[in-house]
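**Student:** Going line by line, the protein sequences match chains A and B.
First residue of the first sequence: 0, per numbering that gives the first Met the number 0; consecutive thereafter.
First residue of the second sequence: 0, per numbering that gives the first Met the number 0; consecutive thereafter.
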Amino acid sequence: MSTAATPVRFARELREICGVGHVIEDPATLEQARILGVTPAIAVEPASVEEVAAVLLFANENGLSVVPAGGFTQQQTGNTPNTIDVLLYTKRLTDVEHYDPGDLTIGIGAGCTVAQLLSKVAADGLLFAGDAPIPERATVGGLLATGMTGPLRHGYGGLRDYCIGIKFVTGDGRKGKGGGRVVKNVAGFDLMKLLIGSQGTLAIITGASFKLFPAPRQTRTFVAGFATAAEAIQYRDAVLRSPLSPMCLELVSPQAGALLPGGGRSGKVWSLYLRAAGSDAVLARYRSELGTAIALEIDGHNEYGVWRAIEDFSNILPERYPSSVLISLSLPLANVLPVPNELESVAVSNQLAYAAIGTVGVGRLLAGLWPAGEQANLGAAVSAFCKQLPRDASASILHCPEEMRRQSSAWAKTPTHSDSMKAVKHALDAKDILNRGRFLF
Amino acid sequence: MNLPGVLDDLRKIVGRDAVLDRPEDLMLYEYDAGIRKSTPGAVVFPTNTQQVSDIMRLASANHIPVVGRGAGTGLSGGSISQAGGLVIAFSRMNRILEVDVENARAVVQPGVVNLQLSEHVSHLGLYFAPDPSSQKACTIGGNVAENSGGPHTLLHGVTVNHVTGVEVVLPSGEIVQFGGKAAESYGYDLTGFFVGSEGTVGITTAITVKLLPKAEQVATLLGVFESVDDAARTVSAITAVGITPAALEMLDGWTLRTIEAFCHAGFPLDAGAVLLIELEGLREAVEEQAVAVNEVCMRQKAREVRRAKTEDERALLWKGRKMAFAALGRVSPSYYTQDGVVPRSQIPGVLQHIGDVGKKYDLIIGNVFHAGDGNLHPLILFDMRNAEQYERVLAASRDILQYCIDVGGSITGEHGVGMEKRDMMRQLFTDEELGVMISLRNAFNGDEVLNPEKMLPMPRMCREIMGASQNAVLAREGM
Chain A
0 MSTAATPVRF ARELREICGV GHVIEDPATL EQARILGVTP AIAVEPASVE EVAAVLLFAN
60 ENGLSVVPAG GFTQQQTGNT PNTIDVLLYT KRLTDVEHYD PGDLTIGIGA GCTVAQLLSK
120 VAADGLLFAG DAPIPERATV GGLLATGMTG PLRHGYGGLR DYCIGIKFVT GDGRKGKGGG
180 RVVKNVAGFD LMKLLIGSQG TLAIITGASF KLFPAPRQTR TFVAGFATAA EAIQYRDAVL
240 RSPLSPMCLE LVSPQAGALL PGGGRSGKVW SLYLRAAGSD AVLARYRSEL GTAIALEIDG
300 HNEYGVWRAI EDFSNILPER YPSSVLISLS LPLANVLPVP NELESVAVSN QLAYAAIGTV
360 GVGRLLAGLW PAGEQANLGA AVSAFCKQLP RDASASILHC PEEMRRQSSA WAKTPTHSDS
420 MKAVKHALDA KDILNRGRFL F
Chain B
0 MNLPGVLDDL RKIVGRDAVL DRPEDLMLYE YDAGIRKSTP GAVVFPTNTQ QVSDIMRLAS
60 ANHIPVVGRG AGTGLSGGSI SQAGGLVIAF SRMNRILEVD VENARAVVQP GVVNLQLSEH
120 VSHLGLYFAP DPSSQKACTI GGNVAENSGG PHTLLHGVTV NHVTGVEVVL PSGEIVQFGG
180 KAAESYGYDL TGFFVGSEGT VGITTAITVK LLPKAEQVAT LLGVFESVDD AARTVSAITA
240 VGITPAALEM LDGWTLRTIE AFCHAGFPLD AGAVLLIELE GLREAVEEQA VAVNEVCMRQ
300 KAREVRRAKT EDERALLWKG RKMAFAALGR VSPSYYTQDG VVPRSQIPGV LQHIGDVGKK
360 YDLIIGNVFH AGDGNLHPLI LFDMRNAEQY ERVLAASRDI LQYCIDVGGS ITGEHGVGME
420 KRDMMRQLFT DEELGVMISL RNAFNGDEVL NPEKMLPMPR MCREIMGASQ NAVLAREGM
């Protein structure tokens, strides 16, 4: 593990780039910023794209590893970094590049928090659909790098659907750009897609432009309860086949429901939480289409609280069960059906408890496992569970005990050709400066 | 390059009837729907992925440039072979390989015609959302290469939003998979990167696309305005009241009259401009939105707002929109279509500018475009035989695109950069930014066997402009 017990030999050069007050060398402060047990040797806070590029060029010349950091909400994802020679905070990159509510677009610095962005556009009756966990700390850059959006993905798509431009500095120190500030644009490679979910391994994102949406004027959440997961998923299929187009459609297992506000309310049932937007007439139509499966309707402050908890679930579960494993899955729609049974099966065989929650209308599911007996075997359970995943599925372990993280990869599965991904990595970060050791290879 | 020397090898791969090399045959493949021409050295018609792989392996070994071609309906020269290379035509790879209703996906070969897929799954209540105006002819492989749009992309997004996986043949001949049937996958989103790469990264041989359920209710409105300016201001007024139509198209008076004479779509002959507005979704929501859109249009000085009462009336209005380019063929020997994009709020200004450009260069310019997302299609009429006029057309076109860039827009919204706008990429991107894109292209297509001299400016040109680069990485990329 790296420590910063002695002054770092390259501190002076970094101070020249970022300014004296924006290079952190204090061991106690750096210790606070450790990632999966690894303490950064030094941290920098560049204030501009030029400063980010200068830091990365310097790191290239000197073979230093660099880890980008936003609000530290997702740094537990990915593999343990080999070393962190330089931790690069994006917190000073917060400029608004463009914003015209009439265009329904905004361009903003990567260091802006998601909550700040939401608040800015909400003042004009608009919605940013990237509902990150812990939005008060999560930054726009971190959101893009991890692709970690929440339940709004059902109704508004993923970041790849509404990020319209991106600015970044490649691992080898070049300033790059994809897209722009208009909602339709095919000039050049679509580098937004390439960088979203790239886990900070290709480039440091410095800013991005997004399509915004009109904020709904009225919403209501309908909760349907089912005795089994299979029944809940069949109901999902019925909703997907219906004329309804909900904002959110979330499967919640009994154990996951217990962690939501008013958790006892759902009892031992599997639930589907469906959030609809529209006039009284539109909501009445939802009520009529959804029928007798609806056990509960939520609106107002309670509704807000429930969805905030669902957004934050990837944080809530590990806080409640620190020794848990949390696996994030992306599946073809039909492959969601067997997952709850498989999860239960590996949980029972390995003396574990489990919870599942996810945006199942687009094939997303978070699966949590944690010890429930003296012979609990998390490693065996995760391994058995991932082996059963179908061909087109992908999986990543968002959270697990540090010892397990050191022993197994956080990236359980992806259908995409590995050598092509390596070729892309080499093209933008040939010296493997960025997030070294944390991603797939 | 030794294309004649490998013709026999190509025939061994695909059969004797699947290679064309006689000049009279090649003439059919020297153009697309734009204005550029270049005759290929040969055209080959594979029927399966392995054949594409074998062709690529042969071409790479012999440094023969390769261009994929669907139906040749593109407008930017993307499927035209420069320098006498090899065209791989996908007209024999036109099978729908799988319709997976449970997963709402289809897997298709690249030569499947866009509209045929929607027709094929229509009985299931499903359709493929991207709907370029050429959808009766254009292929899904071409849509993927150019990241094509269409009128209904305002609500549903362009091709990339509807492709979740691609099987790709790399220049080496290796067959690889990016993504699959899941909406997203961990790892780099090479599917998203591949779509819109204009045939410069690899050649797709199987495409996994989303199938959407048809909307319960569709309302098609025609807003009739006295002036282009009133119609233009209405576009952002509609989104300002919180409504995102499925489509929001604008036709100016000159264009709608030309169309009306061609196909009698029902456009009012004395209007200054019309907006074709389509709303879709839940019945109750669509009805509320139709009332609200009507009110917005009337507030913005619409003369009237008509609503299609029957499916036939709706189809006729759309026929008028989608036949616009064909209608212009009746009144002019040639036309040049541009594809610039501006922020929605800039539409009134850019239309004024296009009017000024027409006067400045003494050209007739019609406007029919995707107003909802600011994607312009100024149609500049000319006669290809008049060289002086042709030069004026090119200058006018550059002038319009420069305006788009100056107000924060782009040079292409859905047709791609291709050959004709390649040099204007320098107005949008710095040399360093282009260098990043070139290194990504080179990661897959370092010898530029695939679609050379398209989309990204040539490194040699960069060197001429920049001089010797101080940046080691730029220097490595020949910049």
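We put the beta carbon where it would ideally sit given N, CA and C, even for glycine.
Fair warning: this is a prediction, and the values are worked out from it, not measured in the lab.
Against chain B, does residue 398/A count as a neighbour if the rule is that its beta carbon must be under 8 Å from one of theirs?
**Tutor:** The residue given as residue 398/A occupies position 399 in the first sequence. Chain B contact via Cβ: absent.
**Student:** Do residue 367/A and residue 316/A have their beta-carbon atoms positioned less than 8 Å apart in this structure?
**Tutor:** In the first sequence, the residue the question calls residue 316/A occupies position 317. In the first sequence, the residue the question calls residue 367/A occupies position 368. The answer is yes: Cβ separation under 8 Å.
**Student:** Using a beta-carbon distance below 8 Å, is residue 436/B in contact with chain A?
**Tutor:** Start at 1 with the first residue of the second sequence, and residue 436/B comes out as number 437. Yes, because at least one Cβ of chain A sits closer than 8 Å to the Cβ of residue 436/B.
**Student:** With contact counted as at least three CB pairs below 8 Å, one residue from each stretch, are the stretch 11-26 of chain B and the stretch 60-77 of chain B in contact?
**Tutor:** The stretch 11-26 of chain B, when compared against the stretch 60-77 of chain B, does not touch it at the 8 Å Cβ threshold.
**Student:** Would you mind working out which of 260/B, 124/B, 172/B, 147/B sits nearest residue 216/B, comparing C-alpha positions?
**Tutor:** For the purposes of this step, residue 216/B is taken as residue 217 along the second sequence, with counting starting at 1. The shortest C-alpha separation from residue 216/B is found at 124/B.
**Student:** Going by DSSP, name the residue or residues bridged to residue 306/B.
**Tutor:** Looking up residue 306/B in the second sequence gives position 307. Its beta-bridge partners are 220/B.
**Student:** Below 8 Å between beta carbons: does that hold for residue 412/B and residue 183/A?
**Tutor:** As a first step, residue 412/B must be located in the second sequence, where it is residue number 413. As a first step, residue 183/A must be located in the first sequence, where it is residue number 184. A contact, by the Cβ cut-off of 8 Å.
**Student:** Using a threshold of 8 Å, state whether the C-beta atoms of residue 330/B and residue 373/B are closer than that.
**Tutor:** Working through the second sequence from its first residue, we reach residue 330/B at position 331. Working through the second sequence from its first residue, we reach residue 373/B at position 374. Not closer than 8 Å, so no.
**Student:** With a threshold of 8 Å between beta-carbons, can residue 391/A be considered close to chain B, or not?
**Tutor:** Start at 1 with the first residue of the first sequence, and residue 391/A comes out as number 392. Closer than 8 Å: yes.
**Student:** Verify the CB distance criterion: does residue 434/A have a CB-CB separation below 8 Å to chain B?
**Tutor:** In the first sequence, counting from the first residue as 1, residue 434/A sits at position 435. Judged by the 8 Å Cβ criterion, residue 434/A is not in contact with chain B.
**Student:** Roughly how many angstroms separate the alpha carbons of residue 318/B and residue 261/B, rounded to a whole number?
**Tutor:** If you number the second sequence from 1, residue 318/B lands on position 319. If you number the second sequence from 1, residue 261/B lands on position 262. Distance between the alpha carbons of residue 318/B and residue 261/B is about 11 Å.
**Student:** Tell me whether the stretch 161-172 of chain B and the stretch 239-252 of chain B touch, counting them as touching only if at least three CB pairs, one residue from each stretch, are closer than 8 Å.
**Tutor:** Touching, no, given that fewer than three Cβ pairs across the two stretches are closer than 8 Å.
**Student:** If you scan the stretch 160-197 of chain A from start to end, which runs of the alpha helix (DSSP H) of 4 or more residues do you find wholly inside it?
**Tutor:** 190-194, all fully within the stretch 160-197 of chain A.
**Student:** Short of 6 Å in beta carbon distance, which residues of its chain neighbour residue 280/B, apart from the five on each side in sequence? Order them along the chain.
**Tutor:** As a working mapping, residue 280/B is identified with position 281 in the second sequence. Cβ neighbours of residue 280/B beyond the five flanking positions: 214.
**Student:** Report the option in 211/B, 191/B, 210/B whose CA atom is closest to the CA atom of residue 203/B.
**Tutor:** Residue 203/B sits at position 204 when you count from the first residue of the second sequence. Comparing Cα-Cα distances from residue 203/B to each of 211/B, 191/B, 210/B, the minimum goes to 191/B.
**Student:** Under a three-way DSSP split, which group does residue 177/B fall into?
**Tutor:** Here residue 177/B is taken as the residue at index 178 of the second sequence, counted from 1. The answer is strand: DSSP assigns residue 177/B an E or B state.
**Student:** Rounded to a whole number of angstroms, what is the C-alpha to C-alpha distance between residue 484/B and residue 68/A?
**Tutor:** Given a span of 0 to 478 for chain B in the structure shown, any question on residue 484/B remains unanswerable.
**Student:** Looking at chain B, is there any beta carbon in it that lies within less than 8 Å of the beta carbon of residue 339/A?
**Tutor:** For the purposes of this step, residue 339/A is taken as residue 340 along the first sequence, with counting starting at 1. No, because no Cβ of chain B sits closer than 8 Å to the Cβ of residue 339/A.
**Student:** Using the rule of at least 16 other Cβ atoms within 10 Å of the residue's Cβ for burial, across every protein chain shown, is residue 151/B buried or exposed?
**Tutor:** In the second sequence, residue 151/B corresponds to position 152, counting from 1. With 16 or more other Cβ atoms within 10 Å, it is buried.
**Student:** What does the alpha-carbon distance come out to for the pair residue 97/B and residue 106/B?
**Tutor:** Residue 97/B sits at position 98 when you count from the first residue of the second sequence. Residue 106/B sits at position 107 when you count from the first residue of the second sequence. Looking at the two C-alpha atoms, the distance is approximately 5 Å.
**Student:** Give the range of the beta strand (DSSP E) segment to which residue 286/B is assigned.
**Tutor:** As a first step, residue 286/B is located in the second sequence; it is residue number 287 there, counting from the start. Unbroken run through residue 286/B is the alpha helix (DSSP H), 282-298; no beta strand (DSSP E).
**Student:** In the DSSP assignment, what are the bridge partners of residue 251/B?
**Tutor:** Reading the second sequence from its first residue, position 252 is the one you call residue 251/B. Answer is 272/B, bridged to residue 251/B.
**Student:** Does DSSP put residue 369/B in a helix, a strand or coil?
**Tutor:** Taking the second sequence and counting its residues from 1, the one referred to as residue 369/B is at position 370. DSSP places residue 369/B in strand when its eight states are reduced to three.
**Student:** Taking Cβ positions, are residue 377/A and residue 342/A nearer each other than 8 Å?
**Tutor:** For the purposes of this step, residue 377/A is identified with residue 378 of the first sequence, where counting begins at 1. For the purposes of this step, residue 342/A is identified with residue 343 of the first sequence, where counting begins at 1. No, these two residues do not count as a Cβ contact at 8 Å.
**Student:** Can you tell me the Cα-Cα spacing of residue 301/B and residue 324/B, whole angstroms?
**Tutor:** Within the second sequence, the letter at position 302 stands for residue 301/B. Within the second sequence, the letter at position 325 stands for residue 324/B. Approximately 26 Å, taken between the alpha carbons.
**Student:** With three or more C-beta pairs closer than 8 Å as the rule, is the stretch 93-103 of chain A touching the stretch 32-40 of chain A?
**Tutor:** With the cut-off at 8 Å, the stretch 32-40 of chain A and the stretch 93-103 of chain A do not touch.
**Student:** Following the continuous beta strand (DSSP E) through residue 393/A, name the residue where it begins and the one where it ends.
**Tutor:** If you number the first sequence from 1, residue 393/A lands on position 394. First-last of the beta strand (DSSP E) with residue 393/A: 393-398.
**Student:** Along the alpha helix (DSSP H) that carries residue 30/A, what are the first and last residues, could you check?
**Tutor:** As a working note, residue 30/A is residue 31 in the first sequence. It spans 26-31 - the alpha helix (DSSP H) in which residue 30/A sits, taken as one unbroken run.
**Student:** Can you check which of these residues, 135/A, 133/A, 113/A, 136/A, is closest to residue 126/A by C-alpha distance?
**Tutor:** Position 127 of the first sequence holds residue 126/A. For the residues 135/A, 133/A, 113/A, 136/A, the minimum Cα distance to residue 126/A belongs to 113/A.
**Student:** Taking Cβ positions, are residue 221/A and residue 308/A nearer each other than 8 Å?
**Tutor:** For the purposes of this step, residue 221/A is taken as residue 222 along the first sequence, with counting starting at 1. For the purposes of this step, residue 308/A is taken as residue 309 along the first sequence, with counting starting at 1. It is not a contact, given that the beta carbons lie outside the stated cut-off.
**Student:** In this structure, what does DSSP give as the bridge partners for residue 249/A?
**Tutor:** To locate residue 249/A, count along the first sequence from 1; it is residue 250. Partner(s): 272/A.
**Student:** Taking Cβ-Cβ distances shorter than 8 Å, what residues in chain A pair up with residue 176/B?
**Tutor:** Here residue 176/B corresponds to residue number 177 of the second sequence, with the count starting at 1. Within 8 Å Cβ-Cβ: 414, 415, 416.
**Student:** Quick check on the DSSP output: the alpha helix (DSSP H) that includes residue 15/B runs from which residue to which?
**Tutor:** For the purposes of this step, residue 15/B is taken as the residue at position 16 of the second sequence. No alpha helix (DSSP H) holds residue 15/B; DSSP gives it neither H nor E.
**Student:** Once the 5 residues before and after residue 174/B are set aside, which same chain residues still bring their CB inside 7 Å of it?
**Tutor:** As a first step, residue 174/B is located in the second sequence; it is residue number 175 there, counting from the start. Once the five neighbours on either side are set aside, the close Cβ partners of residue 174/B are 48, 52, 166, 168.
**Student:** Excluding five sequence neighbours on each side, which residues of the same chain lie with their C-beta closer than 8 Å to the C-beta of residue 230/A?
**Tutor:** In the first sequence, residue 230/A corresponds to position 231, counting from 1. Excluding residues within five positions, the ones whose Cβ falls inside 8 Å are 269.
**Student:** Who are residue 142/A's beta bridge partners in DSSP?
**Tutor:** As a first step, residue 142/A is located in the first sequence; it is residue number 143 there, counting from the start. In the DSSP output, where bridge partners are listed per residue, residue 142/A has none listed.
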